[in-house]
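Notes follow once the structure below has been shown.
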Amino acid sequence: MKAGYKLPEVTFHTRVRDDSIEGPNPFRWEDKTTSEYFAGKRVILFSLPGAFTPTCSTYQLPGFEKGCAAFREQGIDDIYCMSVNDSFVMNKWAADQGLENVKVIPDGSGEFTRRMGMLVRKDNLGFGLRSWRYAAIVNDGVIEAWFEEPGLCDNHGEDPYGISSPENLMKWLKGEKAEAVA
Numbered sequence: 001m002k003a004g005y006k007l008p009e010v011t012f013h014t015r016v017r018d019d020s021i022e023g024p025n026p027f028r029w030e031d032k033t034t035s036e037y038f039a040g041k042r043v044i045l046f047s048l049p050g051a052f053t054p055t056c057s058t059y060q061l062p063g064f065e066k067g068c069a070a071f072r073e074q075g076i077d078d079i080y081c082m083s084v085n086d087s088f089v090m091n092k093w094a095a096d097q098g099l100e101n102v103k104v105i106p107d108g109s110g111e112f113t114r115r116m117g118m119l120v121r122k123d124n125l126g127f128g129l130r131s132w133r134y135a136a137i138v139n140d141g142v143i144e145a146w147f148e149e150p151g152l153c154d155n156h157g158e159d160p161y162g163i164s165s166p167e168n169l170m171k172w173l174k175g176e177k178a179e180a181v182a
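Oh and the sequence shown: position 98 is 98 in full-length UniProt numbering, straight run, nothing missing.
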């Protein structure tokens, strides 16, 4: 479906630590583009409905964090976790999860997610607009393999998880039978 598709070029508004800033919030704004994240690298991008949510915090994010070394052995340079959350939320979630390997990308306005065709309404959960759960292997900004959970629609009654799992992506990278949408 999306294999061969070039990622949309957007600007992400991030907050980065700056030790020259004193006080309890030593961060500054830094805009980063799609190209700055993805150019010249082979990465995993996975997107999920929300920081601090059960499946995302218990399985998906920790699974990619723990599997980072094995993914690097398969030729992956970086692993990015994206959500339609602002940088403050994503940074706090990353800190709470103790991330050392996975990098978070805040898509606060949902622009990247919308342009990927993955922005859905989650009003039934009180979330508003969020990302449908998916993952991709991205090579130099172009999708090499696409892993989308079934049932993409607004206000889905469930939160499917499995196709975008770290275990499924690892199977695909190893050439084993994995669920992917080419």
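All C-beta atoms in this analysis are idealised placements derived from N, C-alpha and C, irrespective of residue type, glycine included.
All values derive from a computational prediction rather than experimental measurement.
{"Item": "Buried versus exposed, by CB contacts within 10 Å (16 or more), residue 20", "Value": "exposed"}
{"Item": "Contacting residues, own chain, Cβ-Cβ under 7 Å from residue 89 (five flanking each side not counted)", "Value": "51"}
{"Item": "Beta-carbon proximity check, residue 148 vs residue 137, cutoff 9 Å", "Value": "no"}
{"Item": "Strand pairing of residue 9, partner residues [DSSP]", "Value": "Residue 9 is not bridged to any residue."}
{"Item": "Nearest neighbour of residue 128, chosen from 42, 110 and 142 [CA to CA]", "Value": "110"}
{"Item": "Residues near residue 78 by beta carbon distance below 7 Å, same chain, minus five either side", "Value": "41, 43 and 103"}
{"Item": "Cα-Cα separation between residue 117 and residue 45, rounded to whole angstroms", "Value": "15 Å"}
{"Item": "N- and C-terminal bounds of the alpha helix (DSSP H) containing residue 172", "Value": "166 to 173"}
{"Item": "Residue 134 and residue 105 closer than 9 Å at C-beta", "Value": "no"}
{"Item": "Close Cβ partners of residue 8 (< 7 Å) along its chain, the five nearest in sequence each way excluded", "Value": "34, 112, 115 and 116"}
{"Item": "Cβ neighbour criterion (16 or more within 10 Å) applied to residue 49", "Value": "buried"}
{"Item": "Nearest to residue 185 (by Cα), restricted to the options 54, 87 and 36", "Value": "Residue 185 is absent from the model: the chain starts at 1 and stops at 182."}
{"Item": "Candidates 108, 97, 155 and 119, of which the one nearest residue 204 by Cα", "Value": "Residue 204 lies beyond the range of the chain shown here (1 to 182); nothing can be said about it."}
{"Item": "Length of the line joining the Cα atoms of residue 57 and residue 97", "Value": "8 Å"}
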